[in-house]
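Working notes, structure below.
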Amino acid sequence: MADAKTWARVKSPWVLHFNSGACNGCDIEIVALLTPKYDIERFGIKLEPSPRHADVLLATGCVTHQCAERLKRVYDQMPQPKFVVAIGACACSGSVFEGNYNVVGGVDKVIPVTAYIPGCPPRPEAIIDGVLKLLSTISTPPKKEKQVQAHRAEPALAEVKQNGKQ
Amino acid sequence: MGVNGDASFVANNGLHHEVFKVLLDADEKTGITAITGLDLGANIGVYYHVRTSKSFFTIKAEVPKENPRLKTLIDIHPGALFHELEVADLMGAVFEGNELKGHFVLSENWPEGVYPLRKDVDLSQVKFVSTPEHETNKSAEGREVKIIIGPQHPALLEPEKFSVTVDGETVTKVEPRIGYVHRGIEKSTESHTYLQNTYLVERVCGICNPCHAYSFVGTVEKILKLDIPERAQYLRVIALELNRLHSHLLVLGHAGLEIGYETVFQYFWRDREPIMDLIELTSGNRVYGSLMTVGGVRRDISQDHIPKIKSVIESLRGKLPFYRKIYNDEPTLRLRMKDVGTLSREDALRLSVIGPIARASGVDIDVRKDRPYAVYGEIPFKEIVYTDGDTWARMNVRMDEVEESLNILDYVLDHMPTGPIRIEAPRSVPPGEAVCTIEAPRGELLYYVRSNGTDIPERVKIRTPTFANIPSFLKTAIGESIADVPSNFVSLDPCFSCTDR
Amino acid sequence: MIAMIDLLLIFRILVFPGFTFILFLALFCEWIDRKLEARIQNRVGPIVAGPGGILQPLADFIKLLTKEDIEPRDTKKLVFRFAPLAAFTIMIFAMCFLPIDGASVLSSGTSIAESGFNGDLIIILAFATIANFLLFLAGWASANPYGTISSARVLTQFLGYDIPLYIIALTPAFIAGSLSIGVIAAGVPYILLAPWAFVLFIITMQAELEKGPFDVPHSESELVGGLETEYTGAKLAFLHLTRDVQVVFGSALVVTLFLGGPSGPVFFGLDWLFHTIWFVLKLIVVVAISAYITNVFARLRIDQVLTGNWKILLPAALLSLMLTITLVTWVYHPFGIGV
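Chains as they are written, first to last, in this note's numbering: chain U, 1 to 166; chain X, 167 to 667; chain B, 668 to 1006.
Written out as structure tokens, the structure reads:
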């Protein structure tokens, strides 16, 4: 039974996209994922309109003061179990906008982040790779921290990090 | 580079209003391109960048900092509304007759009376106030329901809030709240060198970044009075036109998504990918190529690239008749786009609308034709003008411009001169100021740079096309069905990261 | 003996061709729909869950069942909880009247024609309407403006389109001279005798099922998730499943009324197997036609959807009925066709 549950979660991650202050670069690349060249539906990934339906939050952009509260709300509206993927340098750390007067910083200043995909913007392939690596951590039992470490050691574009035990 | 935008005159004590009125009476195409607020020490400078049919200049007004009041222009030119509100919010100038309530682009928890673009403000000491009560989706009185589109909404890729009040299915009121993506880039440029800023201003927008980069280096080159090698100019045109191609294909597809025509969206985005590959080939990256630099471009294209570019152009040209057929003949698409969001020519002029939206309403403004920059003066191309003014016309303007862009690329590749691609440019820029306007995919993009002799600019003003076009949406959405709001809106090709900066 | 019949009946209701079979048929049709949509749009579609991604809808369903179930504060709790499940139950019940394996689930008849009773056509159409009404309640109970508007659209749309749907559904009934689904399905495929009614019925069905270009209640660009916006977990899973069963039901109705239902050549005495195969094959054809229509048109506006109904479809349905009656009275029955 638990196997079926894990299998279903890995095969059917529905994602929600939230832009909390990005420049559109990452956002357009996320939309490009839906299109024939990358076709992310292959992996069962669907872009959902409502936070209530989503499993994975794709957060892009540094968090502006105006957006911070909204980002938190969207995260709270998602049902458990949920994951957050920070896409792009801005979402990971704030990037060039870090320290500006209207910017809080990276996404992890507001909500817990499960995986970081750096790049300005990351290529669509990198985003797919990152999300799939995140899914591979769901299917492996949480004990095997080492395997996650091994991913990080790889010269991969995506860096996956365990953040908070679900 | 010519003298475009370098003409200016001072009009203090309410004279700016008179001057503008005279201009407006003399030339119907007079419009406010931007209003720049400057901190000049004891005074606040309010610079009106004005365009007329064929010329461009700046009306400079100054007001004392203690009492920064001056007369609004919205009584004679409603298009000035957003520009004035922005200066009021960021610089603290007060426009009599157009007072700002709350904040316009700054976040809601920003303290009153602190103006980030003033030089004497210590932004590290800013105390944020508590956030006001969150607006919920509660219904308004009676039959009217308030629908909040955004900040997280599938019709918007970016966070921005539009409170749409509907009576049944008819829109009665639209209240925008921009500023969700306000990152303070204008202030940030004042602490970076010109070299760093070239990369920073690209990050204003992930779609039209070469336009931002070109516009910024264009202003700096004007102050430096540099003569850019011709090959560099041609390479810049290639970057700008590839950018226009990908941006137009993007919005032509995105419009399909908004009217529930997903197949069109998938087809357009499929054919956008080869263009992205070309951008990567010529600049080195899919999105941020950072091709432009002060003095030229950073990267040349080799002779073997040209056949590859030409083959992509040819294959896209071969697909265009099919897409034209979809946009012209498909009955359900016409039902959803014809007579939706109609903007009359008079309104387009009054609201100072620019780019494809203006050209769809019969206003023939295209910076490439009116005030040619780079080598656009030498390139033969048509200016696309439609007169219907509806969503359908706006999309068809873009469709025709895709073809013109392909022609321009063909011409440029055939006539590419040889020679250096960049010249040495000094790191420090002598005191001066300049304006550079270019035709970005969404319309006229303006950069104003004021230098002070160091390697850091004193003020960089960015006025983006979407910022100038949003008022037209607020006008056309009223009285239409709620179902038409997304398609009407996307026909502006909105880009909020541009709008808010 | 009585115990044997009871066991068979229970098997028929719970496993085949009842609940379990219909459930998997619905998920299978969703997979076909998604795959075709992807192919039309130049994509691949689901591919990693099971061979060719065939288990994708099942994965979605199981995942939704195991998600946290959130009930927002302002919802009308009772309706919010039971409307999705009730709609699903009614749709499954309506499916049970269709002669999937040559007989309806509850019948003990020996031939297709005897598998129903006179008037069951009207009953299942009524069930479909009730299920739509429950979906309206589900959206209304979620106390969300998107849900409210979406469910208002569901209501306007199905109230409008029910009328032409009933009228056109009567066309094959007139030719067969019976209101029993079994009798209609046992006759010749009525698409041959009334092709115009088949075309009209497909269009009306498309509108009744809220599929493109009539999918105004599910318009993502203005209504986010439509009436499903506030639903999570198991309730969302059942809302999705209800929609899938609705689509199967609509297509199965087209198959039964116009394509001869489960009729077709049978071999080796395995009537039930071949009847099921024929039924499912015809069902796939109809699902494919429906997917094609969905993908080659833009979504209409609600006012255009309603104008289309009152000004075009309703008069066309009436004309179709008149034409059918004329043909039946003076051509088909005197020559012994379709009786």
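Glycine included, every Cβ here is placed at the ideal spot set by N, Cα and C. Computed from a prediction, not measured in an experiment: that's the story for all the values here.
For Ser354 of chain X, no chain B residue has a C-beta closer than 9 Å to its own C-beta; the minimum C-beta separation is roughly 34 Å. At a cut-off of 7 Å between beta carbons, Glu41 of chain U contacts chain B. The beta-carbon separation of Phe175 of chain X and Ile242 of chain X, rounded to 19 Å, does not stay under the 8 Å limit for a contact. When Cβ-Cβ separations below 7 Å define contact, Lys133 of chain U makes no contact with chain X. Segment contact: the segment 948 to 955 of chain B against the segment 699 to 718 of chain B, three or more CB-CB distances shorter than 8 Å; contact assigned.
Sequence-distant Cβ neighbours of Arg525 of chain X in its own chain, meaning closer than 8 Å and more than five residues away, are Ile531, Asp532, Glu549, Ile550, Val551, Tyr552, Val563. The beta-carbon of Ala965 of chain B is placed less than 7 Å from the nearest beta-carbon of chain X. Counting only residues of its own chain and dropping the five nearest sequence neighbours on each side, Val933 of chain B has a CB closer than 6 Å to the CB of Phe941. Residue pairing of Val478 of chain X in beta bridges, as defined by DSSP: absent, with no partner found. Taking 7 Å as the threshold, the shortest C-beta distance from Gly21 of chain U to chain B does not fall below it. Using a Cβ distance threshold of 7 Å, Pro36 of chain U and Asn976 of chain B do not count as a contacting pair.
Val10 of chain U has its alpha-carbon roughly 46 Å from the corresponding atom of Phe382 of chain X.
Chain order gives no chain X residues near Gly893 of chain B, where near means a beta carbon separation below 7 Å; the closest approach is about 11 Å. Counted as a single uninterrupted DSSP element, the stretch harbouring Leu392 of chain X is not any beta strand (DSSP E), since DSSP gives it neither H nor E. The C-alpha of Val601 of chain X lies about 15 Å from the C-alpha of Val460 of chain X. For Cys92 of chain U, the CB contacts under 7 Å within the same chain, skipping 5 residues up- and downstream, are Ala86, Gly106, Tyr116, Pro118 in chain order. Neighbours of Val96 of chain U across chain X, judged by C-beta separation under 8 Å: Ser354, Tyr365, Leu366, Arg369. For Val15 of chain U, there are no C-beta contacts with chain X under 9 Å, since the nearest C-beta of that chain is about 12 Å from it. Sequence-distant partners of Lys535 of chain X (beyond 5 residues in either direction) whose C-beta falls short of 7 Å from its own C-beta, in its chain, are Glu549. If you compare the alpha carbons of B:Phe868, B:Val915, B:Gly717 with that of Ala983 of chain B, the shortest gap goes to B:Phe868.
Leu499 of chain X reaches chain B at Phe964, Ala965, counting residues in chain order whose Cβ is nearer than 9 Å. Closer than 9 Å at the C-beta level to chain B, one finds these residues of the segment 416 to 432 of chain X: Gly422, Leu423, Glu424, Ile425, Gly426, Tyr427, Glu428, Thr429, Val430, Phe431, Gln432. Counting only Cβ-Cβ distances below 9 Å, Asp727 of chain B has contacts in chain U at Ala8, Lys11, Ser12, Trp14, Gly44, Lys46, in chain order. Going by beta carbons, Thr923 of chain B and Asp768 of chain B fall outside the 7 Å limit. Taking a contact as a CB-CB distance under 8 Å, the pair Pro325 of chain X and Ser20 of chain U counts as one, their CB atoms being some 6 Å apart. Against Cys661 of chain X, the close residues of chain U are Asn24, in the order they occur along the chain (beta-carbon pairs closer than 7 Å).
DSSP places Arg820 of chain B in the uninterrupted alpha helix (DSSP H) bounded by 812 to 843.
Interface annotation for the segment 432 to 448 of chain X against chain B: Gln432, Tyr433, Arg436, criterion Cβ-Cβ distance under 8 Å. Residue range 310 to 315 is occupied by the beta strand (DSSP E) that includes Glu310 of chain X.
The beta carbons of Ser527 of chain X and Arg516 of chain X sit no closer together than 7 Å. Pairing Gly61 of chain U with Ala22 of chain U gives a Cβ-Cβ distance under 7 Å. For the segment 325 to 339 of chain X, the beta-carbon criterion of a distance under 7 Å to any beta-carbon of chain B is satisfied by Glu335. Within chain B, the C-beta atoms nearer than 7 Å to that of Pro49 of chain U come from Glu887, Val891, Gly892, in chain order.
Looking at the DSSP output, Cys602 of chain X shares a beta bridge with X:Tyr613.
CA-to-CA, the gap between Phe434 of chain X and Leu406 of chain X works out to about 20 Å.
The beta carbon of Arg52 of chain U falls within 7 Å of a beta carbon belonging to chain B, placing the residue at that interface.
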